[in-house]
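The opening residue of the sequence shown carries number 238 in my numbering; numbering runs sequentially from there.
Glycine included, each C-beta is placed from N, C-alpha and C at the ideal position.
This report refers to the structure that appears directly beneath it.
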Amino acid sequence: MKIKAKTLIALLLVLSMAFSLAACGKGNQSGEEPAGNKGGNKEETPEFVYTAEFTELGGEGRNSLVPSVYTDDGFYASSYEKVGENIPEGAVVQYEGQYDVYQTRLYFVGFDGSRKLLEGYVPMTAPENTEGKRDYSSNSNISGMALGADGNLVVIEAMYTSWSEAPEGVTQESEEYWNYYQSTNQFFLRCLDETGAEISAAPIETQEGSYISGRGAVLDDAGNLLVTSDMQIRAIAPDGTTAYVIESENYLDNLVRLKDGRVGALNWGEKGMCLSLVDTAAKAFGEDIELPRDAYTLVSGGGDYDLYYTSGINFYGYKIDTQESVKLLNWINCDINGDEMQGVTVSSDGRITGVLNHWDNANQTTTTELVTLTKVPYDSVPHKETLTLAVQYLDWNVRSSIIDFNRKSDTVRIEVKDYSEYNTEDDYSAGLKKLTTEIMAGNMPDLLAMNGMPYAQLAAKGLLEDLYPYLDADSDFSRDDFFQNVFKALEVDGKLYATCPSFSVQTVMGAASVVGDTPGWTYQQLNEALATMPEGCTPFSVYTVRDDILQTCLALDMDNFVDWSTGECHFDSQEFIDLLNFAALFPESFDWEKYEYTPEDSDQSRIAEGKQMLMQASIYSFEDLQYNDANFGGQSTYIGYPTASGVGSMLNLTSGFAMSANCANKDTAWEFLRMFYTEDYQKNIWGLPTNLNVYNEKLKEAMTPQYQQDAEGNFLLDENGEKIPISTGGMGMPDGSVVEIYALTQEQADRLGDLINSTTRLADYNSSVFDIVKEQAQAFFAGQKSAEDVAKLIQSKANIYVNEQR
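Here it is in structure tokens:
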């Protein structure tokens, strides 16, 4: 729950403070059920929740604030800020920020929102002798910090320098220039007083290529700074020498301090993750503490728990003696994007503090807030009406959009339940199974993320709301604004049940000389083409195994084999028998443990040598089409997977969200879902946009070439008097050469448009149906039964399952 505080006290504390509260916990329903939950999946009302207080910390532009050391009054933090520009004489600025100069700044930030620059701090500077070093550049950053008992700061500062030793006349635009490129990375130990002024500094002894991580750096009793460095812990003396080293057999991550004061290093071993305790007296590791499998991001202990960690969108406390993980809160339900939280710490009274750096892509600015989360009784804070959103993971853009929606709404909030938290090492689909089971039992959330969900099945069962009436009634949209084939692929009986802001095309490509230039073919035509190839040629890469092909081809033609509306199945058809025979061409498994990659195993090499006929391809962007073409070194055709009719290409959707047919507040649910159709949203996401205006805008940008210029801004010309285009990227080939990628051509744009518009099938990865097919098909693959007999068995079992689930 979020409320705006307008108290005089808050204003007197700090005029720049932006204060708001959000209640979050393991559940967020009140005793009297909100209207929005009448159709949603429900949880017990918790006894306690966490309220989030947000305090704006000011700052300008793009600068983020990174907390390093906390005190009773606040924390020390660093920021990487623009301090000027360094435009070479005669140079032409190609883009904003090209020659900006940045330096590290140090601040002390009070818990009241005050922000004090440590004016005595001066970043490390590179040697002044740069003779013979062209385009010399240097910058430094603070990678670790600790606070000594005397109040002085001990910091690790990394300095990166780069230059080129290329002869005069060799410009940056030439490949030769980069053959002369040089760089160094040095580390320094500095002691600073409370103003940031240097008391002492010393270079740290390092071996070439080694890296020092200052995350969680701590001081031992002798004043040595403990840090991790690859597969060891190093104790660095004040003079920069190594006081002692503790070796590990595994790579080490950051250091953390337990609630009782002991220090450990996150250790990545063969048995998984553990926390290796550090015995500074013995200069050795002590015991290893087993950690939960998903405890990747550790936070030092305090309050009720020995340590804390973030997993997905949840924050957990962990008790070592009982090996118990307790979910304390859901970041999103606290109006916080956990991915943006830095310097999280937990105080002795259980308060959780951190800094939230939110990047606004539209305005190219960063907003920095101090966040304090306090545990309070559930009934002590007001609560909004909630709409429950069930998901399997959430991408960054969706997380930010949910938080933005919740902060702006005064009456309703979207509460997220991430079922991926139920996944285990033995079953990564456990969360999906739990969610599907709950839905089929009638416990349907208000909103549902469709990734991995049986879309057609849920739609046919009447569990989802048709979005066409909402789209048609919205004055900002028209169906003609979007790719009609994408809507067509999503339709079930003429109704649209999910959003789709962007998509990718999954298909198969081959050389036009082998497969022809017309997309679409049958299993028989594929086999005929394969027969013309050299002996031993395989359809796809060496890694492609039977189950992968079986699942992919089934996802392509699922709507031909299962009709969820009528309950009819067609697994005894010739088309499915052909699919089984095609899958039998592939090996059962691939031995990754014994495999050693060589360039000859790449798709490019195998295709060029006639060892591989086709390549599976997924197109997420305009550049993907260009890279795919480079694999064939000539004209290629997006022929598609084999299928009985049409073109065997299919759409994979991103951010597909559906509304429950029983959602009590459908108008508010639409206010959230409509965001996925807007141009503003689709401009900033991965994949091919469904909004035609955004697609055409991005296409125009991809087709606009950039040309080389001299220092005066004049275009450079080749021997034919033509402007020299600038490569947008390159693709390394097995022979060591690089194929340069340039602006998209009209021919490539037309081919991509034809591919997109001809794709009207939605990839349907129904895991339950696939499990039936996979289990029964083994008898055919083992030679125990014919494809026809196995098809009949699958038909019988699938028919029973489908009609049980309708």
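For residue i, three-class secondary structure by DSSP
{"i": "asparagine 722", "result": "helix"}
{"i": "proline 283", "result": "coil"}
{"i": "glutamine 811", "result": "helix"}
{"i": "threonine 789", "result": "helix"}
{"i": "methionine 361", "result": "coil"}
{"i": "isoleucine 436", "result": "strand"}
{"i": "glutamate 293", "result": "strand"}
{"i": "cysteine 900", "result": "coil"}
{"i": "isoleucine 473", "result": "strand"}
{"i": "glycine 276", "result": "Bear in mind that the predicted position of glycine 276 carries a pLDDT of just 44, short of 50, making it unreliable; the figure below should be weighed with that in mind. DSSP places glycine 276 in coil when its eight states are reduced to three."}
{"i": "lysine 671", "result": "helix"}
{"i": "lysine 645", "result": "helix"}
{"i": "phenylalanine 798", "result": "helix"}
{"i": "leucine 565", "result": "strand"}
{"i": "valine 635", "result": "helix"}
{"i": "leucine 355", "result": "coil"}
{"i": "tryptophan 596", "result": "strand"}
{"i": "phenylalanine 952", "result": "strand"}
Distance CB(residue i)-CB(residue j) smaller than 7 Å
{"i": "aspartate 525", "j": "cysteine 511", "result": "yes"}
{"i": "alanine 898", "j": "leucine 685", "result": "no"}
{"i": "threonine 915", "j": "serine 739", "result": "no"}
{"i": "asparagine 300", "j": "serine 315", "result": "no"}
{"i": "glycine 456", "j": "leucine 429", "result": "According to the sequence shown, residue 456 is leucine rather than glycine. Not closer than 7 Å, so no."}
{"i": "valine 751", "j": "alanine 766", "result": "yes"}
{"i": "serine 375", "j": "threonine 341", "result": "no"}
{"i": "aspartate 1060", "j": "methionine 795", "result": "Look at the range of the chain in this structure, 238 to 1043, and you will see that residue 1060 is not part of it."}
{"i": "asparagine 889", "j": "asparagine 722", "result": "no"}
{"i": "asparagine 487", "j": "alanine 472", "result": "no"}
{"i": "alanine 939", "j": "leucine 981", "result": "yes"}
{"i": "tyrosine 339", "j": "isoleucine 324", "result": "no"}
{"i": "asparagine 378", "j": "alanine 395", "result": "yes"}
{"i": "isoleucine 569", "j": "arginine 650", "result": "no"}
{"i": "alanine 521", "j": "isoleucine 483", "result": "yes"}
{"i": "tyrosine 760", "j": "proline 283", "result": "no"}
{"i": "isoleucine 814", "j": "aspartate 655", "result": "no"}
{"i": "alanine 289", "j": "valine 608", "result": "yes"}
Buried or exposed (CB count within 10 angstroms, at least 16 for buried), residue i
{"i": "threonine 905", "result": "buried"}
{"i": "valine 464", "result": "buried"}
{"i": "leucine 953", "result": "exposed"}
{"i": "glycine 539", "result": "buried"}
{"i": "glutamine 409", "result": "exposed"}
{"i": "lysine 508", "result": "exposed"}
{"i": "valine 628", "result": "buried"}
{"i": "isoleucine 961", "result": "exposed"}
{"i": "glutamine 331", "result": "exposed"}
{"i": "threonine 674", "result": "exposed"}
{"i": "alanine 386", "result": "exposed"}
{"i": "alanine 1024", "result": "buried"}
{"i": "tyrosine 546", "result": "buried"}
{"i": "arginine 716", "result": "exposed"}
{"i": "tryptophan 907", "result": "buried"}
Where the alpha helix (DSSP H) through residue i begins and ends
{"i": "tryptophan 907", "result": "903-910"}
{"i": "valine 346", "result": "Valine 346 -> not in any alpha helix (DSSP H); beta strand (DSSP E) instead, spanning 337-347."}
{"i": "glutamate 394", "result": "Taken as a continuous stretch (DSSP letters only), glutamate 394 belongs to no alpha helix (DSSP H), being part of the beta strand (DSSP E) at 390-401."}
{"i": "isoleucine 1031", "result": "1024-1042"}
{"i": "asparagine 930", "result": "929-940"}
{"i": "serine 974", "result": "That residue, serine 974, is in no alpha helix (DSSP H); it is neither H nor E in DSSP."}
{"i": "phenylalanine 1017", "result": "1004-1018"}
{"i": "arginine 988", "result": "983-994"}
Residue interval of the beta strand (DSSP E) (run including residue i)
{"i": "methionine 896", "result": "894-896"}
{"i": "leucine 429", "result": "418-429"}
{"i": "tyrosine 373", "result": "371-384"}
{"i": "tyrosine 317", "result": "311-322"}
{"i": "leucine 767", "result": "Unbroken run through leucine 767 is the alpha helix (DSSP H), 760-768; no beta strand (DSSP E)."}
{"i": "tyrosine 307", "result": "303-307"}
Residue i beta carbon near the ligand FMN (any heavy atom closer than 6 Å)
{"i": "leucine 888", "result": "The ligand FMN is absent from the structure shown, which contains no ligands of any kind."}
inquiry  = Extract the residue ranges of the alpha helix (DSSP H) inside the segment 816-884, only unbroken runs of 4 or more that lie entirely within it.
reply    = Uninterrupted alpha helix (DSSP H) stretches at least 4 residues long and entirely within the segment 816-884 occur at 840-845 and 859-869, given in chain order.
message = To test your reading of the DSSP string, which unbroken beta strand (DSSP E) runs of 3 or more residues are found completely within the segment 601-626?
response = Complete beta strand (DSSP E) runs here, min 3: 602-614.
ask   = Considering only residues of the segment 678-752, which uninterrupted beta strand (DSSP E) runs meet the minimum length of 3 residues and lie entirely inside it, listed in chain order?
value = The segment 678-752 contains these whole beta strand (DSSP E) runs: 684-686 and 739-748.
key: Any beta strand (DSSP E) of 3 or more consecutive residues that is wholly inside the segment 488-565   = Restricting attention to beta strand (DSSP E) runs no shorter than 3 residues, the segment 488-565 encloses them at 488-494, 500-506, 509-516, 521-527, 534-539, 542-548 and 551-556, ordered along the chain.
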